[in-house]
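All residue numbers for the sequence shown refer to the working numbering, where the first residue is 847 and numbers rise by one.
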Amino acid sequence: MKTLNVLKYVGFGILGVGFMIGLIFGVQALWNWLIPDLFKGPELNYWQTAGLFILSKILLTGIAPGGHEKSHKKEWRKKYQDKYRQVPEDSQNVTAAKQI
Numbered sequence: 847m848k849t850l851n852v853l854k855y856v857g858f859g860i861l862g863v864g865f866m867i868g869l870i871f872g873v874q875a876l877w878n879w880l881i882p883d884l885f886k887g888p889e890l891n892y893w894q895t896a897g898l899f900i901l902s903k904i905l906l907t908g909i910a911p912g913g914h915e916k917s918h919k920k921e922w923r924k925k926y927q928d929k930y931r932q933v934p935e936d937s938q939n940v941t942a943a944k945q946i
């Protein structure tokens with residue numbers, strides 16, 4: 847049973863590495879297809895693309911494990927909903943006047 851679990855994790859690891867390699871090749875192909883023609887930019891090799899990909903991940907999502915926690919999103923959503931559930935008295939009077 848333990849051997850099966852180990853093989854499963856190794857398989858997922860291989861798939862993950864393969865996915866990352868394919869993703870980097872995809873970004874490289876897209877960059878080399880668009881950027882040199884549109885902006886006269888450089889063509890990138892695999893390692894430059896990998897570095898650019900990692901740099902963009904760090905800049906856009908941060909390096910903290912877990913990234914943005916769902917509890918933070920729930921707090922923000924709750925504050926937003928609470929703020930807009932409270933209807934000012936003026937708008938209630940306008941709504942009542944429109945109904946008459």
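The beta-carbon is built from N, C-alpha and C at its ideal position, and this holds for glycine as well. Bear in mind the structure is a predicted one, so any value in this text is a computation, not a measurement.
1. Taking Leu898 and Leu890 to be in contact with their CB atoms under 8 Å, please state how far apart those CB atoms are, rounded to whole angstroms.
2. What is the residue span of the alpha helix (DSSP H) that Leu905 lies within?
3. Below 8 Å on the Cβ atoms is my contact criterion, and I expect Ile895 with Ile870 to pass it. Report the Cβ-Cβ distance as a whole number of Å.
4. So for Ala875, helix, strand or coil by DSSP?
5. In whole angstroms, what is the alpha-carbon distance linking Leu884 and Phe858?
According to the structure shown:
1. For the purposes of this step, residue 898 is taken as the residue at position 52 of the sequence shown. For the purposes of this step, residue 890 is taken as the residue at position 44 of the sequence shown. Indeed, because the Cβ distance is near 7 Å, the residues count as touching under 8 Å.
2. Working through the sequence shown from its first residue, we reach residue 905 at position 59. Run containing Leu905: 892-907, per the alpha helix (DSSP H) assignment.
3. Translated into positions along the sequence shown, residue 895 becomes position 49. Translated into positions along the sequence shown, residue 870 becomes position 24. Per the sequence shown, residue 895 should be read as Thr rather than Ile. About 5 Å separates the beta carbons of Thr895 and Ile870, which is inside the 8 Å limit, making them a contact pair.
4. Your numbering for residue 875 matches position 29 in the sequence shown. Note: Ala875 maps to helix in three-state DSSP.
5. By one-based count along the sequence shown, residue 884 stands at place 38. By one-based count along the sequence shown, residue 858 stands at place 12. Going by the C-alpha atoms only, they are around 38 Å apart.
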